[in-house]
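All remarks here apply to the structure that follows.
Number of protein chains: 2
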Amino acid sequence: MKIFHKKSQFPGSEEDILSCISKYFPNKHASVILGRGDDCALFHVEHSTAVSSDLFLENIHFRRSYFTPFEIGYKALAVNLSDLAACGARPMSFTLCLGLPEDIDMPWLDQFFLGMSQLADKYAISLMGGDLSRSSSIHISITVLGEISGVSCFLPRGGSMPGDILFIIGQLGLAHVGFELLESQGRSAIEKWPFACRAHLQPQPQCTAGLVLSRAAFHARPPALMDISDGLIRDLPRLLGKSGELSTTHNHNNSLGADLCLTESQLHPEVLAWSHEQHQNAIYTALLGGEDYALLGTCAPDLLPTLEAAIPEFQRIGMITENGTISCNDLEIQESEGFDHFS
Amino acid sequence: MKIFHKKSQFPGSEEDILSCISKYFPNKHASVILGRGDDCALFHVEHSTAVSSDLFLENIHFRRSYFTPFEIGYKALAVNLSDLAACGARPMSFTLCLGLPEDIDMPWLDQFFLGMSQLADKYAISLMGGDLSRSSSIHISITVLGEISGVSCFLPRGGSMPGDILFIIGQLGLAHVGFELLESQGRSAIEKWPFACRAHLQPQPQCTAGLVLSRAAFHARPPALMDISDGLIRDLPRLLGKSGELSTTHNHNNSLGADLCLTESQLHPEVLAWSHEQHQNAIYTALLGGEDYALLGTCAPDLLPTLEAAIPEFQRIGMITENGTISCNDLEIQESEGFDHFS
Chain A
1 MKIFHKKSQF PGSEEDILSC ISKYFPNKHA SVILGRGDDC ALFHVEHSTA
51 VSSDLFLENI HFRRSYFTPF EIGYKALAVN LSDLAACGAR PMSFTLCLGL
101 PEDIDMPWLD QFFLGMSQLA DKYAISLMGG DLSRSSSIHI SITVLGEISG
151 VSCFLPRGGS MPGDILFIIG QLGLAHVGFE LLESQGRSAI EKWPFACRAH
201 LQPQPQCTAG LVLSRAAFHA RPPALMDISD GLIRDLPRLL GKSGELSTTH
251 NHNNSLGADL CLTESQLHPE VLAWSHEQHQ NAIYTALLGG EDYALLGTCA
301 PDLLPTLEAA IPEFQRIGMI TENGTISCND LEIQESEGFD HFS
Chain B
344 MKIFHKKSQF PGSEEDILSC ISKYFPNKHA SVILGRGDDC ALFHVEHSTA
394 VSSDLFLENI HFRRSYFTPF EIGYKALAVN LSDLAACGAR PMSFTLCLGL
444 PEDIDMPWLD QFFLGMSQLA DKYAISLMGG DLSRSSSIHI SITVLGEISG
494 VSCFLPRGGS MPGDILFIIG QLGLAHVGFE LLESQGRSAI EKWPFACRAH
544 LQPQPQCTAG LVLSRAAFHA RPPALMDISD GLIRDLPRLL GKSGELSTTH
594 NHNNSLGADL CLTESQLHPE VLAWSHEQHQ NAIYTALLGG EDYALLGTCA
644 PDLLPTLEAA IPEFQRIGMI TENGTISCND LEIQESEGFD HFS
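Residue numbers (our numbering), protein chains in the order written: chain A, 1 to 343; chain B, 344 to 686.
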């Protein structure tokens, strides 16, 4: 880790890039003992540390044709913070690996770091280090570190029980609608569909809600929690331990099911309007979703009043059952239809 | 962080990839509370944690034409562990972000994970999580975490004093020779130049030596330490705080200098033979180097007997001065010649 000196051709000089990073990211944080500039950064956390790493690649996760550099910087960090939120961890710091093609210039980088720092500042997290390289397209990979403090608890995916309340925090399907519109119409789609486009371009990680859940759970059975990145229909079986890596190791539980109860009144007006235009059931749009970065969880019924009062965006969307199937508004969802995204 | 399920086309199925990872990487470690399979991994370290992130990109850091998949997996982790070694941290765990083009198949991935796990097993470190995506070329980025325990200390780059001994642990220039040979002759170069090619293809991180230095320093003034990735001529000024990000923040000290004393007897026979063939001064080859992943450090003279006795590869190569210049065998090295690799 040597942020940032490599024997490659970069926009501007090494010093320009360092100055740009220093301008936007103070090299310190309460938990960080030694920040950028050495082979490693050094930090100390009293209790335990949550860690997550995600890729954010040009033409796979974003396009320069309709993302501004500000939004690329913002979203690259946002999708990582969403993983911390999904575990109830308090964001602390991150590392950034950045591959840049030759046509990236300093004004682009300035906007990129500005966008990233806006979100970093919101949660007071520090950029501890990273790596820089030339690459054929823009490559971003971020590792975030978060703290589980003494009054909160780590919220894993597992642990749901029959009778538990199924909830989401955030919008279902809105980012997917934005993605479809931006792909087909480009950035001009923002004018008519501002919320949907914004949900895709600049998603808001639910860190505060994650922390509230984490603290609420300290003296109770903890909620099961995850973030919805691949759409509710794909992610719910993972929460229940029916697919995903958890299912191959522990918490394998094919007997759990879920009865979803979703009404159009729970969906964003732009999801309804777009689905109407597409002659598509809006509930189906919401279920399929993708990149929602909403939180999906379950909790014991006795936690419900507390959570509903403490988290404005909290929405109850169903109940956990012991019949092994997943249904929505009394229609069973076949795993073979929606769940195997490798086919 | 969701190792590994994404709605992309991959070699084999999601299950194949998960099985392959599970085959080579047990999902546990003494320090890890929760490993792969959730939004975040969770770990606990008693004292403090060192972290480093590095990119390892196809056609930038390696080529498939002369790297086997085993070596790509091995080296991707090795260059990261070298950063932990350079801080005296004990390797603990890592996350892996992997972008794969469509022509990668399961046998390739099997060898890749085998190579990576061979090094992971050597240091008993766990793969805690990561991310997987399609990409246009092979993209690897790894974040390593290491522990600074109660009987060791973090070894930063700064803190050298005039009169300190300058040392290296590892070979100077050997990996650079291997790189040049592999680039010009391809993999057939291994036959005549096995050590040089091996040094480039499968570098050995100096983790054990880093730990010895870290423990030796617990009751003494700690050595200054870094790993040589860009070549001695570029990295020495960084150790002395004359360039690099440290120089822009703290430890800026233009008054420190170094008198290097390097003889051909300290260099590997293949460095000498290749330099001779190229009609190039072997000392110059060693200074220029690149990707040595040797450790470069300074220590107080009274630590020298201990370190020489405890670390077989320890080589004294000079002394720190207060005259502000860097010389080798009494010839001054001009910063303008070698140090600005952005020109």
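Note that the Cβ used here is the ideal one computed from N, Cα and C, for glycine as well. None of the values given here were measured: they were computed from a predicted structure.
Contact with chain A by residue i, beta-carbon distance below 9 Å
i	result
B:Leu589	Note that B:Leu589 has pLDDT 45, beneath the 50 cutoff, so the model's placement of it is unreliable and no number is given.
B:Gly380	yes
B:Asp474	yes
B:Ser351	Confidence at B:Ser351 is low in this model, with a pLDDT of 49, below 50, so its placement is unreliable and no value can be given for it.
B:Met292	Any property of residue 292 of chain B remains undetermined from this structure, which presents chain B solely from 344 to 686.
B:Thr641	no
B:Phe386	yes
B:Phe497	yes
B:Ala629	no
Cutoff 9 Å: residue i Cβ touching any chain B Cβ
i	result
A:Leu225	yes
A:His276	no
A:Gly289	no
A:His200	no
A:Thr249	Confidence at A:Thr249 is low in this model, with a pLDDT of 44, below 50, so its placement is unreliable and no value can be given for it.
A:Cys207	no
A:Ser135	yes
A:Met128	yes
A:Cys20	no
A:Ser141	yes
A:Asp292	no
A:Gly146	yes
A:Leu109	no
Residue j beta carbon less than 9 Å from that of residue i
i	j	result
B:Ser395	B:Gly442	no
A:Met226	A:Leu296	yes
A:Ile148	A:Ala209	no
A:Glu291	A:Ser229	yes
A:Val177	A:Ser82	no
A:Gln202	A:Ala294	no
A:His29	A:Met92	yes
B:Gly574	B:Gly632	yes
B:Ser476	A:Ile60	yes
Counterpart residues of residue i in DSSP-defined beta bridges
i	result
A:Cys97	A:Asp131 and A:Ser141
B:His372	B:Val375
B:Thr641	B:Leu509 and B:Ala567
B:Gln658	B:Ile511
B:Ile669	B:Ala601
A:Asp16	In the DSSP output, where bridge partners are listed per residue, A:Asp16 has none listed.
B:Pro648	None, per the DSSP bridge assignment.
A:Phe347	Since the displayed chain A opens at 1 and closes at 343, residue 347 of chain A lies outside it and no answer follows.
B:Ala393	A:Leu42 and B:Gly489
B:Leu457	B:Leu457 pairs with nothing; no bridge assigned.
A:Leu236	BP columns for A:Leu236 are empty, so no partner.
B:Thr628	Note: B:Thr628 sits in no beta bridge, so no partner.
B:Phe522	DSSP lists no partner for B:Phe522.
B:Leu398	B:Ser484
B:Ile663	B:Ala601
B:Leu427	Bridge partners of B:Leu427: none, in fact.
A:Phe62	A:Glu58
Residue environment, residue i, which counts as buried when at least 16 other CB atoms sit within 10 Å
i	result
B:Val494	exposed
B:Glu620	exposed
B:Gln623	exposed
A:Phe25	buried
A:His200	buried
A:Pro269	exposed
A:Cys328	buried
A:Phe314	buried
B:Ser598	exposed
A:Met161	exposed
B:Ala467	exposed
B:Ala652	exposed
A:Glu332	exposed
B:Ser484	buried
B:Glu445	exposed
B:Phe561	exposed
Chain-ordered chain C contacts of residue i [CB-CB under 9 Å]
i	result
B:Arg500	This model lacks chain C altogether, as its protein chains are A and B.
- Message: By the 7 Å beta-carbon criterion, what residues does the region 504-521 of chain B contribute toward chain A?
- Response: Within the region 504-521 of chain B, no residue has a Cβ that lies closer than 7 Å to any Cβ of chain A.
#### Entry: Interface positions of the region 46-68 of chain A facing chain B (Cβ-Cβ less than 8 Å), listed along the chain
His47, Ser48, Thr49, Ala50, Val51, Ser52, Ser53, Asp54, Leu55, Leu57, Asn59, Ile60 and His61
Discussion item. Can you pull out the residues from the region 65-94 of chain A whose beta carbon lies closer than 7 Å to at least one beta carbon of chain B?
Written reply: Asp83, Leu84, Ala86, Cys87 and Ala89
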